[in-house]
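Numbering (the numbering used here), first residue to last: 588 to 1117.
Written out as structure tokens, the structure reads:
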């Protein structure tokens, strides 16, 4: 491993410093214990690198009692708890850091923590007497955060009643509550790599594959991160993370901005009259295959149609909630739900427990599009009162995990602003969705051009799988309205591995700046799902 080369001789704050490094391993899973990095596992690599951080005299590892890593070097101090919360973490850092000048903090499943970057952040941190410092612009997992003595204790008080599970950004998220009260320094990457949305951590099958590929390509630290990542774009397409599944053929509305009323006609039957649904047993088998292939995933219901109309919707929801590797999103018109059913679903979600991917067990997106009954009817048709009542009930039952959604359409900015303000005042999460012309097959009503200057390979080809009610897997949901739309396979006949591999050809074309005709006119490539 390359040794740090930066010098601190000119920094008057760095004389005889005595620092602590804290690695948080309270939520490690079995991937962190797999010896796949030159015979060492991610935890061992992280500890090895963290001990090379500047002026560190003590390395502290925080574990959970039932964690996968049992054999730890005696040179490492360990604190183990039944469970960790934000408050417990901050109080621990505060107490253990009392006799140290600064504390380096990182997660223990990050095998590419970079001592050179730690030294660069440390130099800036001490030179400007910062209370908190971090790096920005590199993939997550390459750089630690630094807190000066006393900062963690202050943050534990700022936290107030907002305690909860430890998350990757928990220190900064607490600091943001009163960010102007702290002196903060940032080490910024010369090349902004945030757009790749990479997490170099051994916390999932997907990220383990990413780590192996990039390390095999020569990634060793922040110094060559931009070169390796930018020259290995195909390696970034690992395993699908988002499965949008159509379980219901019928829909209670024929929305004017949606293509489903046209292409969703089934043997001449309109989407209002369809009565076809995915079988629950087929759905459960599909979920198990998703877990076997992806390790964890977000399941989105329903790709088209309305989940509320499925006669066994509670069984579908329970099937996802019963599998901790999966989290569930239900996109709904808000029409067709019964209040007692929603209360039962809330009870099921509460019992479901934490998800392996860190997402909420169940989230809701209610497509309302307008708070004006007349405008609502123009876009979606009848059902305004029922949809609003469903959104209100869901906000009551799932206050943190309910989203109301409106599509931003040219010429209706004032209506959208009123929608946003009314729900924002209530504290409800809001999604403002860009208008989608589905590869140019619909009228172009985009209110503005949000596309990036440099086109990136499509996020949906990179991480999504769209599954229709009969098992058909189109390239993505965008191409369904166009004749001759490419199909990757059928999940009831083909393996997910072969379906995913079939999609690689188009992704590689995107990476090479070559776009098939439908992709060339699509402007959804930069949108990103949960």
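Idealized CB from N, CA, C, for every residue including glycine.
* **Closest residue to residue 951 among 623, 610, 977 and 906 (Cα-Cα distance)** => Within the chain shown, numbered from 1, the residue matching residue 951 stands at position 364. Here the closest residue by C-alpha is 977.
Local Cβ density within 10 Å of residue 910, reported as buried at 16 or more and exposed below that: Here residue 910 is taken as the residue at index 323 of the chain shown, counted from 1. Residue 910 is buried by the Cβ-count criterion.
Query raised in the report: Out of curiosity, what's the CA-to-CA distance linking residue 791 and residue 755?
Result: What you label residue 791 is simply residue 204 of the chain shown in a count that begins at 1. What you label residue 755 is simply residue 168 of the chain shown in a count that begins at 1. So the two alpha carbons sit approximately 14 Å from each other.
Q | Alpha-carbon to alpha-carbon, residue 770 and residue 600 | A | Position 13 of the chain shown, counted from the first residue, corresponds to residue 600. Position 183 of the chain shown, counted from the first residue, corresponds to residue 770. Low local confidence applies: a pLDDT of 44 at residue 600 is under 50, so the model's placement there is unreliable, with the coordinate-based value given in what follows. If I take the Cα positions, the gap works out to 15 Å.
Notebook entry, point to check: When DSSP builds the beta bridges, which residues end up paired with residue 1061?
Noted result: The residue labelled residue 1061 in the question sits at position 474 within the chain shown. Partner(s): 1074.
**Asked** What is the residue span of the alpha helix (DSSP H) that residue 1047 lies within?
**Response** Position 460 of the chain shown, counting from 1, holds the residue named residue 1047. From DSSP, the alpha helix (DSSP H) with residue 1047 extends over 1046 to 1050.
**Asked** Excluding sequence positions up to five away, which residues of its chain have a Cβ less than 6 Å from the Cβ of residue 1010?
**Response** Working through the chain shown from its first residue, we reach residue 1010 at position 423. Excluding sequence neighbours, residue 1010 sits near 991 and 1017.
Practice task
Please name the residue or residues paired with residue 916 in a DSSP beta bridge.
Solution key: Taking the chain shown and counting its residues from 1, the one referred to as residue 916 is at position 329. According to DSSP, which records beta bridges pairwise, residue 916 is partnered with 887 and 950.
If you draw a straight line from the C-alpha of residue 812 to the C-alpha of residue 1084, how long is it? Counting from 1 along the chain shown, the entry for residue 812 is found at position 225. Counting from 1 along the chain shown, the entry for residue 1084 is found at position 497. The alpha-carbon atoms of residue 812 and residue 1084 are separated by roughly 29 Å.
- Message: Spatial neighbours of residue 1101 within its chain, please: C-beta separation below 8 Å, excluding the five flanking residues on both sides.
- Response: For the purposes of this step, residue 1101 is identified with residue 514 of the chain shown, where counting begins at 1. None.
- Measuring CB to CB, does residue 893 end up less than 9 Å from residue 838? One-based indexing of the chain shown puts residue 893 at position 306. One-based indexing of the chain shown puts residue 838 at position 251. Their beta carbons are under 9 Å apart, which means residue 893 touches residue 838 by this criterion.
Quiz item: Between which two residues does the beta strand (DSSP E) containing residue 1094 stretch?
Solution: The residue you call residue 1094 lines up with position 507 of the chain shown. Premise fails: residue 1094 lies in the alpha helix (DSSP H), 1083 to 1098, not in any beta strand (DSSP E).
CB of residue 867 within 9 Å of CB of residue 899, strictly: Counting from one through the chain shown, the residue named residue 867 turns up at place 280. Counting from one through the chain shown, the residue named residue 899 turns up at place 312. Yes.
Checklist line | Among 936, 921 and 918, nearest to residue 902 - alpha-carbon criterion | finding: Your numbering for residue 902 matches position 315 in the chain shown. Ranking 936, 921 and 918 by Cα distance to residue 902 puts 936 first.
What residue range is occupied by the uninterrupted alpha helix (DSSP H) comprising residue 687?
Numbered from its first residue, the chain shown carries residue 687 at position 100. First-last for residue 687: undefined, no H or E at that position.
| message | On a Cα-Cα basis, can you pick out the residue from 662, 789, 1050 and 683 that is closest to residue 943? | response | By 1-based counting over the chain shown, the position of residue 943 is 356. That would be 789, whose Cα lies nearest to the Cα of residue 943.
Check: Name the DSSP bridge partner or partners of residue 722?
Finding: Here residue 722 corresponds to residue number 135 of the chain shown, with the count starting at 1. According to DSSP, which records beta bridges pairwise, residue 722 is partnered with 774.
Notebook entry, point to check: Does the beta-carbon of residue 781 have 16 or more other beta-carbons within 10 angstroms, so that it is buried, or is it exposed?
Noted result: Here residue 781 is taken as the residue at index 194 of the chain shown, counted from 1. So residue 781 ends up on the exposed side.
Which partner residues does residue 835 have in the DSSP bridge list? Position 248 of the chain shown, counted from the start, is the residue given in the question as residue 835. Per DSSP, 864.
What residue range is occupied by the uninterrupted beta strand (DSSP E) comprising residue 645? Start at 1 with the first residue of the chain shown, and residue 645 comes out as number 58. Taken as a continuous stretch (DSSP letters only), the beta strand (DSSP E) holding residue 645 covers 643 to 651.
Worksheet item: Where does residue 1053 land, buried or exposed, given buried means 16+ other C-beta within 10 angstroms?
Response: Position 466 of the chain shown, counted from the start, is the residue given in the question as residue 1053. Classification for residue 1053: buried.
_Own chain partners of residue 1108 with C-beta closer than 6 Å, once the 5 adjacent residues on each side are dropped_ = Position 521 of the chain shown, counted from the start, is the residue given in the question as residue 1108. Correct list, in chain order: 1026 and 1027.
Thinking residue 1038 and residue 1094 are a contact (beta carbons under 8 Å), I'd like their distance in whole angstroms, please. Counted from its first residue, the chain shown places residue 1038 at position 451. Counted from its first residue, the chain shown places residue 1094 at position 507. Not quite, the Cβ-Cβ distance comes to about 18 Å (not below 8 Å), so this is no contact.
Per DSSP, residue 735 is paired with what? Translated into positions along the chain shown, residue 735 becomes position 148. Residue 735 pairs with 689.
Option in 1001, 684, 1080 and 886 with minimal Cα separation from residue 738:
The residue you call residue 738 lines up with position 151 of the chain shown. Measuring from the Cα of residue 738, the nearest candidate turns out to be 684.
Grouping DSSP H, G and I as helix and E and B as strand, with all else coil, what is residue 1005?
On the chain shown, residue 1005 is found 418 positions in, with the first residue counted as 1. Residue 1005 falls in the helix class under three-state DSSP.
Count the CB pairs spanning the region 960 to 980 and the region 921 to 929 that are closer than 8 Å, and state whether there are at least three.
yes
Notebook entry, point to check: Which runs of the alpha helix (DSSP H), 4 residues or longer, sit entirely within the region 764 to 831?
Noted result: 792 to 803 and 812 to 817
task = Ignoring anything shorter than 4 residues or poking outside the region 973 to 1023, list the alpha helix (DSSP H) runs there in chain order.
result = 1000 to 1013
**Three or more C-beta pairs below 8 Å linking the region 671 to 685 and the region 725 to 743** = yes
Quick one: grab the DSSP three-state call for residue 758. Looking up residue 758 in the chain shown gives position 171. In this structure, residue 758 counts as helix in the three-state DSSP scheme.
Margin query: I'd like to confirm the pairing. Which residues does DSSP put opposite residue 671 in its beta bridges?
Written below: Indexing the chain shown from 1 puts residue 671 at position 84. Answer is none; residue 671 lacks a bridge partner.
Closest Cα partner of residue 629 within the set 642, 615 and 775 = Residue mapping note: residue 629 aligns to position 42 of the chain shown, counting from 1. Closest option to residue 629, Cα to Cα, is 615.
Tell me the residue span of the alpha helix (DSSP H) that contains residue 1043.
Here the question's residue 1043 lines up with position 456 in the chain shown. Counting along the chain, residue 1043 falls outside any alpha helix (DSSP H), and DSSP gives it neither H nor E.
Next on the checklist: Checking 9 Å against the spacing of the C-beta atoms, do residue 714 and residue 605 come in under that value?
Outcome noted: For this step, residue 714 is matched to residue 127 along the chain shown. For this step, residue 605 is matched to residue 18 along the chain shown. Going by C-beta atoms, residue 714 is not nearer than 9 Å to residue 605.
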